[in-house]
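See below for the structure under consideration.
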């Protein structure tokens, strides 16, 4: 059970790291274009950025 929890937490950490890298790599100009086109995900990303 301990190894399963450890693997799960490592995978979860990887997902958080990937999402952080994706947010920091996005350009604000590109996000703004997506926001203006009505993309809900871009609106959320712009709020975080």
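Residue numbers (the numbering used here): 251 to 299. Even for Gly, the Cβ is constructed at its ideal location relative to N, Cα and C. On a predicted model such as this, the values are computed, not experimentally measured, just so you know.
Assigned with DSSP and collapsed to three states, residue 291 falls in helix.
Straight through space, the alpha carbons of residue 274 and residue 266 are spaced by roughly 12 Å.
In the three-state reduction of the DSSP assignment, residue 296 falls in the helix class. Sorting 263, 298, 261 by C-alpha distance to the C-alpha of residue 282 places 298 at the top.
Each residue's CA atom was taken as its position, placing residue 295 and residue 279 some 12 Å apart.
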